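Visitor: I am attaching a structure below and will ask some questions about it afterwards.
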Amino acid sequence: MDAVPGSLTWIHIAGTIALLFPSLAIYRLFFHPLAKFPGPRLAAITRYVEAYYDVVCGGQYTFKIAEMHKKYGPIVRISPYELHVNDPTFFEKLYNREGRWNKYDWAYDAHGTPLSTLSSIDHNVHKQRRAAMNPFFSKANVINRQSIVQRLVSKLCHRLDDFATNSKMSHIKLSAALGALTRDVATEFLLGKSFDNLDADDFRAGVGNTLQESGAIWRTTKHLRWFGSMIKAVPLSLVRKMGDPGMIECLGFVEDMAKTTEALRSESTSGKTIQNSPPTVVGAIMDSDLPPTEKTAERLTDEVITVAGAAFETTAYTLSVTVYNVYSNPRILQRLRAELLSAGLNKREPNLAELEKLPYLTAVLSEGLRFSPALATRMARVAPDRDLVYGKQRIPAGTPVGMTALLMHLDPEVYPDPMRFDPDRWMDAEARKRIDKAYAPFGRGTRICIGMHLAWVELYMVVAAIVQRFDFEFDADAAKDVTWVSDMFTIGTAARNGLKAVITRH
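Numbering (my numbering) for the sequence shown: 116 to 621.
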């Protein structure tokens, strides 16, 4: 007789579960605060639609969202909880400096660096952390330290010249070389020491490839919250035994950054900072008004790894995209070289102020950034204390609303023939007014990329130096190395073969 109540209990549980999912679906479709917004019904019911496109199909939800907008219009419900807008006129309203703007915790918690400014969800926490670093990343400070970039660009050119003058080495993986440069610039600027990626025979190409591939961990962890923790729990000794060479090399690189960060922190806390040592982001944080809880070793490591990581492959990718497109179009290359020559900058090391005066070079770089914004994913924001308004529709307070710069940069209404690399679109003053409202390679608002000024210096100096000194004949399939095909948080390319090319002196 005792078995009967137990059996009934299990029947009740099964029945409750059987009713729960249909009830939840009905609520989300018809009674949820976002039920009035258009979009696929299945996506409104479950987030596993996104999981399918991102985890199973390999980072395709960004492009699925683009298809949704074609079908449903400029504002779409892309999950049970989140809206996406693809309308440049709304960008300035969503990403501005007025009011409180939180990040969407579901997306950013998956990074695994919860103590970094990048992953700071709360508006006020982010504001406090960023304020400590703003002077360090200001344009004035970047200009004051631009000699770091000049010296490392010169080193890059010497390495490229070795390839150009040695018949046995004339085939180069250019994106690997550019990645080595951006890593050396970032580490020296942030930590006061270069990790000598440019000196490696292969430019430590495996580090760059592994950093891009790590986006798959972020994508998966968004949907399977235990996945990232499981990966972090794998013993480093096991990774060194079983990981591929690129992963092992990348792990060592990240460990070196963490050790350097801890050493700099220890110097600061002990008061034994070496005289005349270069300024570092660690020193900037330690000398700031942040409370002691914001200066722990764990938080500083999270901060340095995320800031440095954001500076590495994003800038390297923009350089690869720009150089590839310039050399794939002889007219653009010839015009750019003529401008540099007429400015008297040929084959010397100009400073940023000289380069910023060159309109066509600036146009080339702007077009390169249009093709390669920092993120391939959407940047969801949450207004926690007020409703937002899009057209005649009111968006409830607390709703995550995102836009995607990559999709906006391909809007044919703003950028005619958007898939064509065309610097001339930036030379028309009237067109520029329209373009500027739909252009955000570094984001905008309170969360705009903190390293954008350093990135601009690298772009100006690298492109100016390379086009004056070298010629490249790219392999037939090199375009795959700069063609975006997936959302890895940053841009995932069709191939990672290093942008192979035959290099010669110009």
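Note that CB positions come from ideal geometry on N, CA and C, so glycine has one too. Computed from a predicted structure; not experimentally measured.
May I ask you to report which of helix, strand or coil DSSP gives Trp599?
Guide: strand
Visitor: Assign Lys615 to buried or exposed, taking buried as 16 or more other Cβ atoms, counted over all protein chains shown, within 10 Å of its Cβ.
Guide: Taking every protein chain shown into account, the CB of Lys615 has 16 or more other CB atoms within 10 angstroms, so this residue is buried.
Visitor: Output yes if chain B places a C-beta closer than 8 Å to the C-beta of Leu456; else output no.
Guide: Annotation note: the requested chain B is absent from the structure, which comprises a single protein chain.
Visitor: With DSSP as the reference, please indicate the residues paired to Glu573 in a beta bridge.
Guide: Paired residue(s): none; Glu573 is not in a bridge.
Visitor: Mapping the DSSP letters down to three states, classify Leu144 as helix, strand or coil.
Guide: helix
Visitor: Who are the Cβ neighbours of Ala609 in its own chain at under 7 Å, not counting the five residues just before and after it?
Guide: Lys595, Thr598, Val600
Visitor: Between which two residues does the alpha helix (DSSP H) containing Gln175 stretch?
Guide: Counting along the chain, Gln175 falls outside any alpha helix (DSSP H), and DSSP gives it neither H nor E.
Visitor: Within the same chain, show all residues whose beta-carbon is closer than 8 Å to that of Arg212, passing over the 5 residues directly before and after it, in chain order.
Guide: Gly560, Thr561
Visitor: What are the boundary residues of the alpha helix (DSSP H) that Val529 is part of?
Guide: Unbroken run through Val529: none, as it is neither H nor E.
Visitor: Just list the alpha helix (DSSP H) runs in the stretch 465-504, keeping only unbroken ones of 4 residues or longer that don't cross its boundaries, in chain order.
Guide: Entirely contained in the stretch 465-504, the alpha helix (DSSP H) runs reaching 4 residues are, in chain order, 467-471, 474-486.
Visitor: With a threshold of 7 Å on Cβ separation, who are the neighbours of Trp83 within its own chain once the five nearest residues in sequence on each side are excluded?
Guide: Outside the modelled stretch of the chain, which goes from 116 to 621, sits residue 83, for which no answer is possible.
Visitor: For Ile510, which residues does DSSP report across the bridge?
Guide: Leu503
Visitor: Excluding five sequence neighbours on each side, which residues of the same chain lie with their C-beta closer than 6 Å to the C-beta of Met116?
Guide: Below a pLDDT of 50, predicted positions are generally treated as unreliable, and Met116, at 43, falls in that range; the measurement from the model is reported next regardless. Cβ neighbours of Met116 beyond the five flanking positions: none.
Visitor: Whose C-beta lies closer than 8 Å to the C-beta of Ser399 among residues of the same chain, with five residues either side of it excluded?
Guide: Note that residue 399 is Ala in the sequence shown, not Ser. If the five residues before and after Ala399 are omitted, its C-beta is found closer than 8 Å to the C-beta atoms of Ala247, Met248, Pro250, Phe251, all from its own chain and listed in chain order.
Visitor: Roughly how many angstroms separate the alpha carbons of Gly188 and Arg493, rounded to a whole number?
Guide: 17 Å
Visitor: Run through DSSP, which three-state label would Gly294 get?
Guide: helix
Visitor: May I have the straight-line CA-CA distance separating Pro155 from Pro195, to the nearest angstrom?
Guide: Between the alpha carbons of Pro155 and Pro195 lies a gap of roughly 10 Å.
Visitor: If contacts are defined as beta-carbon pairs under 8 Å, then Met576 and Val264 qualify, I think. What distance do you get, rounded to the angstrom?
Guide: 5 Å
Visitor: Would you identify the three-state DSSP class for Arg334, choosing helix, strand or coil?
Guide: Helix at Arg334.
Visitor: Can you tell me where the beta strand (DSSP E) holding Gly607 begins and where it ends?
Guide: 605-608
Visitor: For a test of the three-state rule: what should DSSP assign to Ala616, helix, strand or coil?
Guide: Three-state result, Ala616: strand.
Visitor: Could you pull out every unbroken alpha helix (DSSP H) segment of at least 4 residues lying fully inside the stretch 205-266, listed in chain order?
Guide: 220-223, 238-252, 254-259
Visitor: Would you mind sorting Trp541 into buried or exposed? The rule is 16 or more other CB atoms within 10 Å of its CB.
Guide: buried
Visitor: Which residues in the same chain as Trp236 place their Cβ atom closer than 7 Å to its Cβ, once the five residues preceding and following it in sequence are excluded?
Guide: The sequence given here has Ile at residue 236, not Trp. Residues of the same chain with a CB within less than 7 Å of the CB of Ile236, apart from the 5 flanking positions on each side, are Asn217, Lys218, Asp220, Tyr223 in chain order.
Visitor: In the DSSP assignment, find the beta strand (DSSP E) that holds Asp537 and state where it starts and stops.
Guide: Looking at the DSSP string, Asp537 is not in any beta strand (DSSP E), and its letter there is neither H nor E.
Visitor: Could you tell me which of Ala159, Thr421, Thr124, Leu135 sits nearest to Arg143, measuring between CA atoms?
Guide: Checked all of Ala159, Thr421, Thr124, Leu135; the closest Cα to Arg143 is Ala159.
Visitor: Secondary structure at Leu198, three-state DSSP: helix, strand or coil?
Guide: Leu198: strand per DSSP, three-state reduction.
Visitor: I'd like the list of long-range same chain contacts for Phe342, defined as Cβ closer than 8 Å, with 5 residues on each side in sequence excluded.
Guide: Excluding its 5 nearest sequence neighbours in each direction, Phe342 has C-beta neighbours in its own chain below 8 Å: Ile332, Thr335, Thr336, listed in chain order.
Visitor: What does DSSP give as the partner residue(s) for His286 in the beta ladder?
Guide: Val617
Visitor: Terminal residues of the continuous beta strand (DSSP E) containing Asp586?
Guide: 585-589
Visitor: Taking the C-alpha atoms as reference points, what is the distance between Ile420 and Cys272?
Guide: 27 Å
Visitor: Please go through the stretch 363-433 and give each complete alpha helix (DSSP H) segment of 4 or more residues, from N-terminal end onward.
Guide: 396-401
Visitor: With the cut-off set at 8 Å, would you say Val578 and Leu490 are in Cβ contact?
Guide: no
Visitor: Quick one: what's got a C-beta closer than 6 Å to Asp169's C-beta in the same chain, skipping five residues either side?
Guide: Tyr176, Arg334
Visitor: The alpha helix (DSSP H) that contains Pro445, what's its start and end?
Guide: 445-457
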